[in-house]
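Asks: Following this message is one structure expressed as structure tokens.
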Amino acid sequence: MNQSKRIKTALISVFYKENLAPIIKQLHADGVTLLSTGGTRKFIEDLNIPCQAVEDLTSYPSILGGRVKTLHPKVFGGILTRRANESDQKEIAEFEIPEIDLVIVDLYPFEETVKSGASAEDIIEKIDIGGISLIRAAAKNFNDVLIVSSKNQYADLLKVIQEGKGSTSIENRRRFAAQAFQISSHYDTAIFNYFNKIEEIDALKISEDNANSLRYGENPHQKGTFFGNMDELFDKLHGKELSYNNLLDVDAAVNLIGEFTENDPTFAILKHNNACGIATRATVLEAYEAALAGDPVSAFGGVLITNQTIDDATAEAINPLFCEVVIAPSYSETALTTLQSKKNRIILVQKQIEMPTMQYRSILNGALVQDKDLVTDKKSNFKTVTRIAPTAQELDDLEFASKLVKQTKSNAIILAKNGQLLAGGTGQTSRVDALNQAIKKAKEFNFDLNGAVMASDAFFPFPDCVEIAKNAGITAVIQPGGSIKDELSIDYCNNNDLAMVFTGTRHFKH
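Structure representation (structure tokens):
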């Protein structure tokens with residue numbers, strides 16, 4: 044059986060008309076009868092190409108302010124009729140229903156309307172009824188009908204009909220049908236999620252149609268794809284394509300620097316999703332130099348991020364370091380030229396956009412969903428639980444360390460002093476191990492821990508950590524509190540002249 048189908052009649056009804064004209068002209072040249080509605084019909088006729096109104100086919104006008112235009116048996120019968128089915132053919136002949144071989148229809152811009160902050164009434168009016176029905180009908184009958192459901196497919200369609208000399212292949216019809224069901228399901232997901240913000244139905248619907256193929260996944264033997272629109276968040280100015288692991292580090296970097304949006308110049312260096320260096324200083328150059336001093340070994344191949352413009356001097360300081368990615372809100376012209384001297388170095392300008400507030404993780408045969416940890420510990424919320432209160436400098440350092448420990452893999456301990464990360468214990472099975480790791484690392488880089496502060500992402504069930512910290516020179520501690528044995532740690536601090544504050548908020552990160 045010949046599965047090539049000649050396009051004899053096309054139904055066209057679209058919201059977006061840019062780049063549609065060449066298709067209309069090609070269809071007309073191929074002798075295709077055109078059916079259309081409203082604004083699309085006027086667009087076609089303005090090209091001096093004849094077009095039959097859908098209302099003339101159905102003998103029924105557009106009603107309810109345009110809500111009902113194409114919902115009619117003479118339209119859907121023409122799309123859904125099976126050309127090889129004798130019964131279908133008899134029925135469409137009896138009711139004088141023309142076969143429709145090509146449907147070009149898109150959907151009202153629902154997501155764009157929601158993002159614009161439009162009223163609920165305007166949003167509801169952008170829930171497409173006729174368009175979504177036409178798409179599903181034509182896609183279902185892909186054996187006989189070609190469905191074009193997005194303006195992004197116009198160039199592809201023009202190529203198909205030109206190369207096919209007015210006919211379509213089953214391969215192309217099936218391909219366009221698959222894309223149509225992706226578009227319709229994405230559209231329905233967006234509508235559901237809009238309503239679900241109010242109704243909170245226990246269902247998880249995720250749809251991302253911006254697929255970016257990566258060189259590989261976490262390891263070379265794994266396939267990797269990023270679904271999302273990076274252009275919304277970054278302007279990429281230079282360098283190679285971001286890898287799977289780059290993206291994980293960039294995500295960690297953005298989350299970390301987001302804790303310091305209200306701070307003086309802050310610079311962070313990350314490796315494997317954890318900060319190996321971060322500091323807040325009077326200038327961005329000083330912040331970078333102090334961050335690098337935190338662990339100049341681990342900084343090799345890291346991701347750099349700052350909350351300030353990278354100026355000429357800072358770029359000169361960064362340039363000798365091999366780093367995968369540099370992220371900043373802006374760069375001086377000379378700084379950009381300097382950083383671009385390494386051809387593979389990825390340079391990103393971070394834009395300020397509203398970030399998602401939910402987190403998703405695939406586990407076992409399902410998924411975990413949770414609110415993002417959006418609580419940032421502030422000095423104003425600290426509760427001093429010891430006889431000795433922290434000094435002003437210690438309070439600043441405790442807040443700094445608490446922001447950092449929140450964005451560090453659990454079990455986590457952070458040691459900080461004068462707005463600088465001295466060392467961190469990350470991802471340990473024991474909080475004692477995390478603290479010992481941090482102390483050992485700080486000593487390796489010759490940091491003086493006398494007068495430093497310690498932050499923990501969770502409470503201390505025993506006083507062992509505060510005792511180890513005291514013996515290392517730590518003078519102030521911040522932790523969530525909440526253990527039934529809190530008093531043991533508090534008593535040790537009181538007996539050994541340590542200040543300790545509770546935040547009341549645990550920050551596990553796994």
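Heads up: the sequence shown begins at 44 in the numbering used here, then just goes up one per residue. Think of the CB as a built atom: it goes at the ideal place given N, C-alpha and C, for glycine as much as any other residue.
#1: Closer than 6 Å by C-beta to Q413: which residues in its own chain qualify, once you throw out the five before and the five after it? Chain order, please.
#2: Between which two residues does the alpha helix (DSSP H) carrying C366 extend?
#3: Answer with buried or exposed for V340, where buried requires no fewer than 16 other C-beta atoms within 10 angstroms of its C-beta.
#4: How many Å lie between Y103 and P93 at the Cα?
#5: Who are G282's beta bridge partners in DSSP?
#6: For a quick check, are the C-beta atoms of F551 and S532 less than 8 Å apart?
#7: CB-CB under 7 Å to Q265, same chain, minus the five flanking residues each way: which ones, in chain order?
#8: State the beta-bridge partners of Y42 as determined by DSSP.
#9: Can you check whether the CB of K51 is closer than 8 Å to the CB of E137?
#10: Work out the CA separation of I234 and Q132 for me, nearest whole Å.
#11: If I measure Cβ to Cβ from L247 and keep anything under 7 Å in the same chain, skipping five residues before and after, which residues do I get?
#12: So, at 6 Å on beta carbons, what are the nonlocal neighbours of L150 in its own chain, with the 5 sequence-adjacent residues on each side left out?
#13: Quick one: using the 10 Å Cβ neighbour count with 16 as the cut-off for buried, is I249 buried or exposed?
#14: Can you tell me where the alpha helix (DSSP H) holding I386 begins and where it ends?
#15: With DSSP run on the structure shown, which of helix, strand or coil describes T546?
#16: Report the rounded CA-to-CA distance for A182 versus G74, giving the unit in angstroms.
#17: For K426, write down the residues that DSSP places opposite it in a beta bridge.
#18: So within the segment 485-530, which uninterrupted beta strand (DSSP E) runs reach at least 3 residues, ignoring any that extend past its ends?
#19: Could you tell me whether the Cβ atoms of I135 and T124 are closer together than 8 Å?
#20: Please state the DSSP three-state secondary structure of A94.
#21: For a test of the three-state rule: what should DSSP assign to I238, helix, strand or coil?
#22: For a test of the three-state rule: what should DSSP assign to S473, helix, strand or coil?
#23: Would you call the segment 151-158 and the segment 81-100 in contact, with 3 or more CB pairs under 8 Å?
#24: What do you reckon, are the CB atoms on I482 and A498 nearer than 8 Å?
#25: Going by DSSP, name the residue or residues bridged to R49.
#26: Which of the three DSSP states is assigned to F343 in this structure?
#27: Keeping to the same chain, check which residues put their C-beta closer than 7 Å to that of M44; ignore five residues upstream and five downstream.
#28: Of all the CB atoms in chain B, is at least one closer than 8 Å to the CB of S250?
#29: My assumption, with CB atoms under 8 Å, is that V509 sits in contact with C536. Please give the rounded CB distance.
#30: For T349, tell me which candidate among I300, E376 and L379 has the shortest Cα-Cα distance.
#31: What is the DSSP secondary structure of S176, reduced to helix, strand or coil?
#32: Can you tell me whether D73 is helix, strand or coil according to DSSP?
#33: Figure out for me which residue from V428, L280 and N184 has the closest Cα to the Cα of K394.
#34: Could you give the first and the last residue of the continuous alpha helix (DSSP H) run that contains L81?
#35: Taking all protein chains shown into account, decide if E442 is buried (16 or more other Cβ within 10 angstroms of its Cβ) or exposed.
#36: Is T268 buried or exposed, if buried means 16 or more other CB atoms sit within 10 Å of its CB?
Replies: Concretely, from the data shown:
#1: Q402
#2: First-last for C366: C366 to A371, but that is the beta strand (DSSP E), not the alpha helix (DSSP H).
#3: exposed
#4: 20 Å
#5: DSSP lists no partner for G282.
#6: Taking 8 Å as the Cβ cut-off, F551 and S532 do not qualify as a contacting pair.
#7: Y259
#8: Outside the shown range of the chain, which is 44 to 553, sits residue 42, and nothing can be said about it.
#9: no
#10: Each residue's Cα considered, the two are about 37 Å apart.
#11: Taken in chain order, the residues that qualify are A410 and V412.
#12: D171, G174 and Y230
#13: exposed
#14: Position check: residue 386 holds Lys in this sequence, whereas Ile was assumed. No alpha helix (DSSP H) holds K386; DSSP gives it neither H nor E.
#15: coil
#16: 23 Å
#17: K426 is bridged to F545.
#18: 496-499 and 519-522
#19: yes
#20: The sequence shown places Cys at residue 94, rather than the Ala named in the question. C94 falls in the coil class under three-state DSSP.
#21: Note on residue identity: the sequence assigns Phe, not Ile, to residue 238. Judged by DSSP in its simplified three-state form, F238 adopts helix.
#22: coil
#23: By the criterion of at least three beta-carbon pairs nearer than 8 Å, the segment 151-158 is not in contact with the segment 81-100.
#24: no
#25: S210
#26: F343: coil per DSSP, three-state reduction.
#27: Because the pLDDT at M44 is just 48, under 50, the model does not fix this residue reliably, and the point stays unresolved.
#28: Judged by its chain identifiers, the structure shown contains no chain B, having just a single protein chain.
#29: 6 Å
#30: I300
#31: Judged by DSSP in its simplified three-state form, S176 adopts helix.
#32: coil
#33: Nearest in C-alpha terms to K394, of all of V428, L280 and N184, is L280.
#34: The sequence given here places Gly at residue 81; Leu does not occur at that position. G81 -> alpha helix (DSSP H) spans G81 to E88.
#35: buried
#36: exposed
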